[in-house]
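Written out below as structure tokens is the structure these notes cover.
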Amino acid sequence: MVPEKFLKPYTPRDVEPKIYQVWEKSGFFNPDNLPRRHTDPYTIIMPPPNANGSLHAGHAVFVTIEDLLIRYQRMRGKKALWLPGADHAGFETQVVYEKKLEKEGRTRFGMDPEKLRAEIMEFTLANKSFMEGQLRQLGASCDWSREKFTLDDDVIDTVYDTFEKLHADNLVYRGKRSVNWCTKHQTSLSELETSSEERVDPLYYMKYGPFVLATVRPETKFGDTALAVHPNDPRYQEWIGKEIKFEGLIGPVTLTVIADEYVDPAFGTGVVKITPAHDPNDFLVALRHNLPIVEVVDQYGKLNEKCGKYAGLKVEEARKIIAEDLERAGLLEKIDPEYKHTVKTCYKCERVLEPRVLPQWFVNMKSLAQPVIQAIERDEITFYPEHYKKIMLHWLTNIEDWNVSRQIVWGIPIPAWYRDDEVRVGKEKPEGDGWVRETDTFDTWFSSGQWPFAALGYPKSTDFKTFYPTQVMETAGEIIFFWVARMLMFGLYRTGTLPFTTVYLHGIVTAKDGQKMSKSRGNVVSPLELSDKYGTDALRMALTIGNTPGTTTALYEDKIKAYKLFANKIWNITRFVLENCEESPLEKDVSYTETDTGRVQELQNLIREVTKNIDEYRFYMAGEKLYHYVWHTLADDIIEESKPLLQGNDLLAKNSRKALLLEILRTCLLLLHPFMPFITEEIWEHIPVPDKKLLMISSWPE
RNA sequence: GGGCGCUUAGCUCAGUUGGUAGAGCAACUCUUUUACACAGAGAAGGUCAGGGGUUCGAAUCCCUUAGCGCCCACCA
1403 MVPEKFLKPY TPRDVEPKIY QVWEKSGFFN PDNLPRRHTD PYTIIMPPPN
1453 ANGSLHAGHA VFVTIEDLLI RYQRMRGKKA LWLPGADHAG FETQVVYEKK
1503 LEKEGRTRFG MDPEKLRAEI MEFTLANKSF MEGQLRQLGA SCDWSREKFT
1553 LDDDVIDTVY DTFEKLHADN LVYRGKRSVN WCTKHQTSLS ELETSSEERV
1603 DPLYYMKYGP FVLATVRPET KFGDTALAVH PNDPRYQEWI GKEIKFEGLI
1653 GPVTLTVIAD EYVDPAFGTG VVKITPAHDP NDFLVALRHN LPIVEVVDQY
1703 GKLNEKCGKY AGLKVEEARK IIAEDLERAG LLEKIDPEYK HTVKTCYKCE
1753 RVLEPRVLPQ WFVNMKSLAQ PVIQAIERDE ITFYPEHYKK IMLHWLTNIE
1803 DWNVSRQIVW GIPIPAWYRD DEVRVGKEKP EGDGWVRETD TFDTWFSSGQ
1853 WPFAALGYPK STDFKTFYPT QVMETAGEII FFWVARMLMF GLYRTGTLPF
1903 TTVYLHGIVT AKDGQKMSKS RGNVVSPLEL SDKYGTDALR MALTIGNTPG
1953 TTTALYEDKI KAYKLFANKI WNITRFVLEN CEESPLEKDV SYTETDTGRV
2003 QELQNLIREV TKNIDEYRFY MAGEKLYHYV WHTLADDIIE ESKPLLQGND
2053 LLAKNSRKAL LLEILRTCLL LLHPFMPFIT EEIWEHIPVP DKKLLMISSW
2103 PE
């Protein structure tokens, strides 16, 4: 009897949640529970989604690809572990939460840090559990029993150990450096967390005593601590080392003229005012020449008390007013009104960042990068797509020290203590009185960068010994520097072994018009809604086929609809096979006709091609081949030619064909399972299979 | 200022080491034949951005031009 459900179109809603429960109850997501044949470990560490909202299309891509890999390897007999996680996502989450506070008419500033932290924790944990449900809906066959959160105690301990080791190795230091400060978010940011924006601003030529010099920021002049010229500039030789005195806007000014290679004689007049507190280049000059650092812009982007009557003005207002006053005082020679330059902005709020000199923690990256550069040059890491190798090498080669201090509460507190001029690193308060704990937290990527070994319980756990290094890191190309590069460096630094040897980078998912999905454009599609509407299998196929590594992929409903039809096609093929082959003898008792032998060979070619394509990370091609075979070979040709055979009188041909149809269907389900796990498992339950077990742990066809 | 990617059928994109151009969707014609109308059969559609070169042969390799997009970069 053909089950009644096959007489109706396929309805994913009735099937998917039920099937996921079957899988989860089976325990086979946990590699420890897999049958004995699963010996060699195969590990993927899931990029932990930020627990501050819903899963988006990009998450659906990683679930699709990583689940495909894991299911494939599990079927091939690997001891497959896909380790799920959730990321507290420091600054990102804090920004999301601040927006929520704003909507409620509240603000984080002035809030008790402990209370704020507790509130964000509650928010994050709620999102985390919500997202876990969504990952299940997308069919993720990950081992929930091993799920990690980036704020788990053991993870924090590992992060602290790394920090202490870096400190002991002189690879981390606390120093006053020029950092990128966001006046809205009230924190410093790393170089990667900045964007740049091209601007057209006036370039002011100001008179400084005997000199004229060009600047776009006249408002920082009160923080000047020197003037600089190029050491070989013939125009200014006599001034080098001399002091100049002149009357400024708020009183007399005395500045020494220094010589530094940094000055470009061809720009402006060849004379630069050095304002170390508010310009990163000037800061470096100040370090070389031991210049004082005078802060005149405060943390809110306002001029401070050192600016006389201009105190309290915002930078932008001050600039205009000061330019006018300079003009009136005859101190402005000219203005170039259309000077093109770029400014650094906060990648979250797009406000112009203020360079500020603050005591912060920095990681010396050059020595961490060096061994990774060598490993990449020796091709110990394979990148998909290939050209990321070059991009990675370029970035690692030009890497700078990394500011890991953030002035936000939502993060792992930096384990450091201060007393007068003393600095101690460690989780516990040092002996003695007067120690004050650091209030800054780590850049979230500092801990994320340690995720592969931290999540596996380095150094003591057996999981670490069994599952590290992992096989492949699959993630978004846009976080290659933020995350992938740091994992390689920290992984090698802490464990002596690269955390993975294959990096697969998928591209951004866009809307059909190729535009990036964003709330403001209103073109965001929710993968969960699409899954509800068309089924997860269809969504996953749409995200697999036509999706090549490193390039953007357009996701739109028509495409998903096509794969919903494909699911239905498989459903109806099954119905045909069940209706016709119920009393089929087993293959071993049947000898195939010549035609059917040809069909078996054709099927074997398919197996070979699909296997090869998956092994070589061409999932889109494997998926397309399967789609094409199932629809246009199996359904259109084989089933059509079977009809007269099955109704005819040639018993040998009939039995051969029945056995063939069943074999093809079984093989297709096996091959399709990593792509469309739900419908294949559901059908598997209803067709005759010798020694049947769950499809998810059945053997991949050879 | 460097670096990278893309440009193939109306739309979205494949095309693995060079061997007579592919898929899905859309549009067209026919067909309700007991797996499926969430279907089938058939036809149509491209000088593979332009130009040059290597080769017996190039969408595929090299050079070049143009358009689009991205990343990196401390010049006031």
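So the first sequence is numbered by this note's numbering: it starts at 1403 and just counts up by one. Glycine included, C-beta positions come from ideal geometry on N, C-alpha and C. These figures come from a predicted structure and were not determined experimentally.
Among the options, whose alpha-carbon lies nearest the alpha-carbon of residue i?
{"i": "residue 1484", "options": "2091, 1870 and 1980", "result": "1870"}
{"i": "residue 2067", "options": "1687, 2050, 2054 and 2033", "result": "2033"}
{"i": "residue 1996", "options": "2054, 1697, 1522 and 1550", "result": "2054"}
{"i": "residue 1875", "options": "1618, 1930, 1887 and 1489", "result": "1887"}
{"i": "residue 1543", "options": "1495, 1458 and 1476", "result": "1476"}
{"i": "residue 1364", "options": "1734, 1841 and 1626", "result": "As shown, the chain starts at 1403 and ends at 2104. That puts residue 1364 outside it, with no answer to give."}
{"i": "residue 1561", "options": "1502, 1730, 1693 and 1858", "result": "1858"}
{"i": "residue 1574", "options": "1756, 2090, 2045 and 1802", "result": "1802"}
{"i": "residue 1907", "options": "1449, 1518, 1424 and 1960", "result": "1449"}
{"i": "residue 1956", "options": "1968, 1967, 1966 and 1941", "result": "1941"}
{"i": "residue 2070", "options": "1792, 2024, 1708 and 1508", "result": "2024"}
{"i": "residue 2092", "options": "2065, 2082 and 1602", "result": "2065"}
{"i": "residue 1675", "options": "1912, 1624, 1769 and 1976", "result": "1624"}
Taking its Cβ as the centre, do 16 or more other Cβ atoms sit within 10 Å of residue i, making it buried, or is it exposed?
{"i": "residue 1469", "result": "buried"}
{"i": "residue 1933", "result": "buried"}
{"i": "residue 2094", "result": "exposed"}
{"i": "residue 1591", "result": "buried"}
{"i": "residue 1439", "result": "exposed"}
{"i": "residue 1666", "result": "exposed"}
{"i": "residue 2084", "result": "buried"}
{"i": "residue 1743", "result": "exposed"}
{"i": "residue 1437", "result": "exposed"}
{"i": "residue 1751", "result": "exposed"}
{"i": "residue 1736", "result": "exposed"}
{"i": "residue 1982", "result": "buried"}
{"i": "residue 1902", "result": "buried"}
{"i": "residue 1846", "result": "buried"}
{"i": "residue 1677", "result": "buried"}
{"i": "residue 1572", "result": "exposed"}
{"i": "residue 2127", "result": "Residue 2127 lies beyond the range of the chain shown here (1403 to 2104); nothing can be said about it."}
Span of the beta strand (DSSP E) holding residue i?
{"i": "residue 1484", "result": "1481 to 1485"}
{"i": "residue 2001", "result": "Not the beta strand (DSSP E): residue 2001 falls in the alpha helix (DSSP H), residues 1996 to 2017."}
{"i": "residue 1870", "result": "Neither: residue 1870 is in no beta strand (DSSP E) and is coded neither H nor E."}
{"i": "residue 1410", "result": "Here residue 1410 belongs to no beta strand (DSSP E), and DSSP marks it neither H nor E."}
{"i": "residue 1603", "result": "1596 to 1610"}
{"i": "residue 1553", "result": "Residue 1553 -> no beta strand (DSSP E), and no H or E assigned at all."}
{"i": "residue 1438", "result": "No beta strand (DSSP E) contains residue 1438, which DSSP labels as neither H nor E."}
What are the boundary residues of the alpha helix (DSSP H) that includes residue i?
{"i": "residue 1531", "result": "1515 to 1539"}
{"i": "residue 1877", "result": "Segment 1874 to 1878 is the beta strand (DSSP E) holding residue 1877; no alpha helix (DSSP H) there."}
{"i": "residue 2024", "result": "2021 to 2030"}
{"i": "residue 2072", "result": "2053 to 2074"}
{"i": "residue 1856", "result": "1853 to 1857"}
{"i": "residue 2080", "result": "2079 to 2086"}
{"i": "residue 1944", "result": "1938 to 1946"}
{"i": "residue 2050", "result": "First-last for residue 2050: undefined, no H or E at that position."}
{"i": "residue 1890", "result": "1888 to 1897"}
{"i": "residue 1846", "result": "1846 to 1850"}
Who are residue i's beta bridge partners in DSSP?
{"i": "residue 1489", "result": "1452"}
{"i": "residue 1955", "result": "1911"}
{"i": "residue 1443", "result": "1481"}
{"i": "residue 1582", "result": "1591 and 1757"}
{"i": "residue 1716", "result": "1704"}
{"i": "residue 1699", "result": "1705"}
{"i": "residue 1918", "result": "1912"}
{"i": "residue 1839", "result": "1819"}
{"i": "residue 1577", "result": "1762"}
{"i": "residue 1905", "result": "1785 and 1875"}
(request) Quick one: which unbroken beta strand (DSSP E) runs of 3-plus residues sit fully inside the region 1616 to 1687? Chain order, please. (result) 1628 to 1631, 1645 to 1650, 1653 to 1661 and 1673 to 1676
(message) To test your reading of the DSSP string, which unbroken beta strand (DSSP E) runs of 3 or more residues are found completely within the region 1763 to 1834?
(response) 1784 to 1786, 1818 to 1821 and 1824 to 1827
(message) Which runs of the beta strand (DSSP E) at least 3 residues long sit entirely within the region 1718 to 1761? Give them in chain order.
(response) 1734 to 1748
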